[in-house]
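Engineer:
In full-length UniProt numbering, the protein residues as written are 1 to 231.
1. Under DSSP, the beta strand (DSSP E) around residue 55 begins and ends at which residues?
2. Smallest Cα separation from residue 59: which of 173, 85 and 195?
3. Which of helix, strand or coil does DSSP assign to residue 27?
4. Cβ atoms of residue 154 and residue 13: under 8 Å apart, would you say?
5. So, residue 211 versus residue 105, is the Cβ gap smaller than 8 Å?
6. Can you tell me whether DSSP reads residue 103 as helix, strand or coil?
7. Out of 204, 161, 230 and 222, state which residue places its alpha-carbon closest to the alpha-carbon of residue 119.
8. In chain order, what residues of the same chain have a beta carbon less than 6 Å from the beta carbon of residue 23, not counting five sequence neighbours either side?
9. Note down the Cα distance separating residue 116 from residue 18, rounded to an integer number of angstroms.
10. Taking 8 Å as the cut-off, does the segment 137 to 152 touch the segment 85 to 97 (at least 3 CB pairs, one atom from each stretch)?
11. For residue 75, report the span of its alpha helix (DSSP H) as first-last.
12. Using a Cβ distance threshold of 8 Å, determine whether the segment 186 to 202 contacts the segment 166 to 173, with at least three qualifying pairs required.
13. Evaluate the contact criterion for the segment 100 to 114 versus the segment 177 to 197: three or more CB pairs, one atom per stretch, below 8 Å.
14. By how many angstroms is the C-alpha of residue 204 removed from the C-alpha of residue 183?
15. Between the beta-carbon of residue 10 and the beta-carbon of residue 78, is there less than 8 Å?
16. Is it buried or exposed for residue 201, if we count other Cβ within 10 angstroms and need 16 for buried?
17. Please report the residue range of the beta strand (DSSP E) in which residue 141 lies.
18. Among all the DSSP beta bridges, which residues are the ones paired with residue 203?
19. With a cut-off of 8 Å on the beta carbons, I'd call residue 47 and residue 41 a contact; round off their distance for me.
20. Output the distance between the C-alpha atoms of residue 3 and residue 34, rounded to the nearest integer angstrom.
21. Would you kindly work out how many angstroms separate the C-alpha atoms of residue 168 and residue 81, rounded to a whole number?
22. Is it true that the CB of residue 8 sits closer than 8 Å to the CB of residue 74?
23. Using only the heavy atoms of the ligand ADP, determine whether one of them is closer than 7 Å to the beta carbon of residue 151.
24. Which residues in the same chain have their Cβ closer than 7 Å to the Cβ of residue 140, if we skip the five residues on either side of it in sequence?
This is the structure in structure tokens:
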């Protein structure tokens, strides 16, 4: 019997390795696959993509190459936008659709607030912006050489988010969804608005922590994934 596959999409600035801890806790009957975007991780030497559309096209191409059977998609923050848009791109292309979406650390499309103005930030302002967001190691922020290496990819991601239309599609997603958040990140009233985007069942799950609860609660996340993916 083939394993259920879980295809994981990263947050802004994140490589496939952000899912290493989660992968260690996922049980044997689920195979975790990660999407590596240009400019990140093992593809660090490639130019980063600068639009959500280009990122979605890359995700779709990698899913096609994976030749998946039964699979779900997990998107985290930026990855949630990518997961949402990828569903419609897959449907348009007549490709195999996921069985379920796991969407983490993101307000619903259309509720993400105003653009942050990243394109107009100088390097110092952008570094402060990234520091305030959290998730980037102090060792990177305090080392000029490391910062110069990683900042173009980070900036490309956040500029892409700023330029994203943030408008939901007219059609609902004909799947079940699991919406996940840290207790200190997004309130229930906001998260519950995701229900209008799906024709299937929408479940909301909270975890200890803030926006980057992925790194605090990998075991608990893995348990929720297992519960829903194999139900």
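Built from N, CA and C at the ideal position, the CB exists for glycine as well.
Structural biologist: Let me spell this out:
1. In the DSSP annotation of this structure, residue 55 is not part of any beta strand (DSSP E); the continuous alpha helix (DSSP H) holding it starts and ends at 52 to 66.
2. Nearest C-alpha to residue 59: 85.
3. Coil, per DSSP.
4. Yes, Cβ-Cβ distance for residue 13 and residue 154 is below 8 Å.
5. Yes; because the gap between Cβ atoms is below 8 Å, this pair is in contact.
6. Of the three classes helix, strand and coil, the one that applies to residue 103 here is strand, per DSSP.
7. Distances from the CA of residue 119 to each of 204, 161, 230 and 222 were compared; the closest alpha carbon is that of 161.
8. Once the five neighbours on either side are set aside, the close Cβ partners of residue 23 are 32.
9. Taking the straight line joining both Cα atoms gives about 24 Å.
10. Result no; under three Cβ-Cβ pairs closer than 8 Å.
11. For residue 75, there is no enclosing alpha helix (DSSP H); the enclosing beta strand (DSSP E) covers residues 71 to 76.
12. With contact defined as three or more Cβ pairs closer than 8 Å, the segment 186 to 202 and the segment 166 to 173 are in contact.
13. Short answer: they touch.
14. Residue 183 and residue 204 have their C-alpha atoms roughly 11 Å apart.
15. Cβ distance < 8 Å, so residue 10 and residue 78 count as in contact.
16. It is exposed - the Cβ of residue 201 has fewer than 16 other Cβ atoms within 10 Å.
17. Not the beta strand (DSSP E): residue 141 falls in the alpha helix (DSSP H), residues 138 to 141.
18. Its beta-bridge partners are 178.
19. Not confirmed; about 14 Å, so no contact.
20. Between the C-alpha atoms of residue 3 and residue 34 there is a straight-line separation of about 15 Å.
21. Those two C-alpha atoms are separated by around 10 Å.
22. For residue 74 and residue 8, yes; Cβs fall inside 8 Å.
23. No copy of the ligand ADP occurs in the structure displayed, which carries no ligand at all.
24. Closer than 7 Å at Cβ, skipping near neighbours: 146, 147 and 150.
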